[in-house]
Structure formats: C-alpha cells, structure tokens
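Residue numbers (the UniProt record's numbering): 1 to 316.
Quick reminder that beta carbons are idealized off the backbone N, C-alpha and C, glycines included.
Because the structure is a prediction, the values reported are computed rather than measured.
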Ligand SMILES: Cc1cc2nc3c(=O)[nH]c(=O)nc-3n(C[C@H](O)[C@H](O)[C@H](O)COP(=O)(O)OP(=O)(O)OC[C@H]3O[C@@H](n4cnc5c(N)ncnc54)[C@H](O)[C@@H]3O)c2cc1C
C-alpha cells in the first residue's frame with residue numbers, strides 16, 4: 001500500500017502536472033552530476049514563487065533553488081524535498097532619463113541572453129559578463145564577477161525584490177546585500193532574490209560588443225571551454241594571506257598548479273590542465289570521486305603552502 005504524503009498532496013493540488021516526481025537533474029547542473037529530485041517544480045512568475053514558498057514553509061518541506069546550476073556540486077544521489085529551478089524570465093523598462101535606463105529584470109533571466117540583449121540595446125553594465133553561465137539570481141546570490149576590468153553583475157543593482165523563506169516579499173536597496181568577494185547576504189539569510197531594477201548606461205553597441213568579445217576571448221584563452229565544469233572551484237585567498245605567505249598572487253589556481261596538481265585525475269574528474277582551479281567531469285563522474293579529488297587538492301595545497309582552500313562552488 002502506498003503511504004500518502006499530505007504535504008506533497010498540497011503541492012500536487014496547487015501545481016498539478018507542473019509538479020514532477022523523481023526528476024533526473026543531470027542536465028540542470030553544468031558539472032553534470034547524476035542526481036534525482038524527489039519533487040521538482042519550475043516557478044515562472046512571482047506568483048508561482050509566492051505559492052510554492054508558502055507551502056514549503058507551512059509544511060516544512062526541504063527545498064533547493066537552482067538557477068543555471070553552474071556553481072553547484074551535487075553529492076546526493078537523491079535530493080529529498082523539492083528542487084525549484086528558476087524559470088522566471090522577464091525584462092521591462094522601468095524608467096529612462098538622460099544617459100540611463102532602469103531595467104526591471106527577473107531572477108531566472110539567463111545571463112547569456114541578458115548580456116547579448118543589453119549590448120544590442122546599447123546599454124552598458126553587463127557586457128563583461130559575456131560567457132558567464134547561469135541566471136541573474138545565481139549571479140546576485142554568488143556576487144559573480146569578471147576581473148578584467150573588475151566588474152560585478154551586482155554593480156548596477158538599484159532595488160531588489162526579495163522573498164523570505166515564509167513567502168513574504170519586500171524591497172531592499174543594493175546596500176542591504178553587503179556584497180563582497182563571492183559573497184552576498186542571501187548566503188546567510190537564505191532569502192530569495194526574485195527580481196531587481198538595474199541602472200544601465202546608454203553606450204555605443206559596437207563598443208560594448210568589442211568589450212564583451214575581449215572578455216570572451218580571455219576566457220577561452222585561459223579557461224577550459226565547452227566542458228562539464230562548475231567554474232572556479234575554490235576561492236582565491238585574501239590579500240593578507242597572500243602577504244603572510246609571500247605569494248606573488250592570491251589565485252587559488254596558482255596554488256593548485258604549483259602544488260603539482262594540474263591534470264590530477266580521480267575517476268572521471270580531473271583538475272583542468274588549462275586552468276588548475278577548474279575541475280572537469282570528463283564523463284559520467286561519480287560523486288565520491290569528486291569528493292576524493294577535492295580532498296586531495298585541499299590537503300596537498302595545505303601541505304605545500306599551509307593554506308586551507310575554501311570552496312567557491314556550493315555543495316549539495
Ligand atoms: C564555465 C563557467 C564559467 C564561470 N565563470 C564565472 C565567472 O567568470 N565569474 C564568476 O563569478 N563565476 C563564474 N562561474 C560560476 C557561476 O557561473 C556563477 O556563480 C553563476 O553566477 C551562478 O549562477 P547560477 O544561476 O548557475 O547559480 P546556481 O549554480 O544555480 O546556484 C548557485 C547558488 O545560488 C543559489 N541561488 C540561485 N538563484 C537564486 C535566487 N534567485 N535567490 C537566492 N539564491 C539563489 C542556489 O541555491 C545556489 O546556492 C562560472 C561557471 C562556469 C561553469
């Protein structure tokens with residue numbers, strides 16, 4: 001006899017066929033980890049987010065938010081509760097004055113689309129993020145950046161609409177997020193970034209395209225491209241650590257490379273030969289092999305340099 005699960009019945013009643021069970025998620029993570037979601041739902045509007053989060057909160061259902069899945073390493077074979085893959089995609093002009101255009105952008109907006117569309121519209125602010133995978137929401141949560149020149153996706157954020165875990169919604173200004181290297185306050189509060197108004201500057205579209213292509217060229221020259229990866233796996237070390245250990249750079253990739261780990265392979269997972277801070281899934285990689293490789297990298301760097309690397313990628 002099948003045991004009925006009341007809390008999931010509520011989700012089922014609310015979302016019907018849109019709620020999926022035992023969903024294979026491998027395609028939704030750029031590291032291509034094999035995993036299954038007990039329940040799976042794709043919110044496409046603020047209303048969906050409101051409804052699903054109020055049920056999740058009321059029935060205490062575990063949940064995981066996935067944007068583009070480009071900064072997540074999954075170790076669980078089966079993710080219990082509900083996986084919410086953000087497909088809330090909308091863009092509109094909120095205001096326009098003089099040199100500036102304020103765009104209201106939803107959190108599920110794919111960064112690749114956003115970058116190209118704003119370039120084509122002659123709006124500066126996102127052009128250096130050409131080639132950044134994922135969604136706007138993931139980029140705000142992670143405070144994603146480009147370093148040549150230093151530019152954060154969050155730079156142009158004016159006002160954000162965020163949701164608490166109980167489904168209540170409020171607005172906050174950019175300051176609220178305490179943005180720092182690989183950090184936004186959402187990582188501590190667990191709040192959800194729903195949408196935001198971003199102030200972009202009118203600029204010559206062909207110049208913007210040039211800047212974007214420079215960034216993409218650098219990316220292709222220095223990073224593995226078109227492979228299964230979660231991007232930079234570890235955070236760079238701080239300026240003070242760099243000085244303490246008299247290192248020429250704070251780059252985690254440099255430390256991993258100099259510790260002799262480039263090309264190190266366990267199962268299908270490999271430390272990229274092109275950029276040592278990228279771990280690649282070369283086939284049907286198993287979670288336990290990824291864990292072993294991550295531990296090997298961390299312990300070797302600690303032995304060689306006395307430095308404890310911290311993961312940039314989120315672990316699930
Ligand atoms: C090839 C490659 C290149 C990369 N290059 C860069 C780079 O140049 N610079 C850089 O900074 N990063 C880079 N990354 C890392 C990654 O792409 C970014 O961190 C990206 O912005 C994550 O967005 P996402 O939508 O994929 O987030 P996901 O990986 O889906 O999620 C990351 C975290 O954010 C949370 N989250 C997602 N959406 C929301 C939301 N709306 N509200 C609250 N929490 C949310 C998730 O729960 C999870 O904890 C790269 C990754 C890859 C694979």
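Selected residue, minimal CA-CA separation from residue i, among the options
i: residue 194; options: 211, 170 and 182; result: 170
i: residue 81; options: 37, 119, 274 and 268; result: 37
i: residue 149; options: 243, 275 and 218; result: 218
i: residue 180; options: 158, 144 and 209; result: 144
i: residue 276; options: 226, 231 and 116; result: 231
i: residue 63; options: 44, 83, 222 and 191; result: 83
i: residue 70; options: 158, 49 and 110; result: 110
i: residue 49; options: 30, 162 and 104; result: 162
Alpha-carbon to alpha-carbon, residue j and residue i
i: residue 264; j: residue 303; result: 16 Å
i: residue 295; j: residue 289; result: 10 Å
i: residue 316; j: residue 89; result: 25 Å
i: residue 2; j: residue 139; result: Since pLDDT at residue 2 reaches only 46, below the 50 mark, its modelled position is unreliable, and no value is offered.
i: residue 292; j: residue 266; result: 7 Å
i: residue 73; j: residue 52; result: 24 Å
i: residue 200; j: residue 118; result: 9 Å
i: residue 182; j: residue 271; result: 21 Å
i: residue 18; j: residue 25; result: 15 Å
i: residue 96; j: residue 196; result: 16 Å
i: residue 77; j: residue 252; result: 29 Å
i: residue 213; j: residue 204; result: 14 Å
i: residue 254; j: residue 299; result: 15 Å
i: residue 156; j: residue 259; result: 38 Å
i: residue 66; j: residue 160; result: 19 Å
i: residue 112; j: residue 314; result: 21 Å
i: residue 153; j: residue 142; result: 10 Å
i: residue 177; j: residue 184; result: 5 Å
i: residue 101; j: residue 166; result: 33 Å
i: residue 60; j: residue 16; result: 20 Å
Supposed close pair residue i, residue j - CB separation, criterion 8 Å
i: residue 235; j: residue 312; result: 5 Å
i: residue 57; j: residue 8; result: Between residue 8 and residue 57 the Cβ distance is about 15 Å, and since that is not below 8 Å, they are no contact.
i: residue 42; j: residue 85; result: 5 Å
i: residue 297; j: residue 261; result: 6 Å
i: residue 380; j: residue 216; result: The chain is shown only over 1 to 316; residue 380 falls outside these bounds and no answer can be derived.
Enclosing alpha helix (DSSP H) for residue i [first to last residue]
i: residue 317; result: Nothing can be reported for residue 317: it is not among the residues displayed for the chain, which extend from 1 to 316.
i: residue 197; result: That residue, residue 197, is in no alpha helix (DSSP H); its beta strand (DSSP E) goes 192-202.
i: residue 101; result: No alpha helix (DSSP H) contains residue 101, which is instead part of the beta strand (DSSP E) from 100-106.
Any chain B beta carbon closer than 9 Å to residue i
i: residue 16; result: Although the question refers to chain B, the structure presented lacks it and comprises just one protein chain.
In DSSP terms, what residue i is bridged to
i: residue 281; result: 228 and 269
i: residue 111; result: According to DSSP, residue 111 bridges with nothing at all.
i: residue 73; result: 315
i: residue 36; result: 24 and 78
i: residue 65; result: 84
i: residue 49; result: Answer is none; residue 49 lacks a bridge partner.
i: residue 246; result: Looking at the DSSP assignment, residue 246 forms no beta bridge with any residue, so it has no partner.
beta-carbon residue i near ligand 2 non-hydrogen atom, thresh 8 Å
i: residue 225; result: Ligand 2 is absent from the structure shown, which contains only ligand 1.
Residue i, enclosing beta strand (DSSP E) - first and last residue
i: residue 320; result: The requested residue 320 does not occur in the structure, where the chain is confined to residues 1 to 316.
i: residue 169; result: 169-173
i: residue 15; result: From DSSP, residue 15 is part of no beta strand (DSSP E) but of the alpha helix (DSSP H) over 6-15.
i: residue 42; result: Premise fails: residue 42 is in no beta strand (DSSP E) and is neither H nor E.
i: residue 158; result: 157-163
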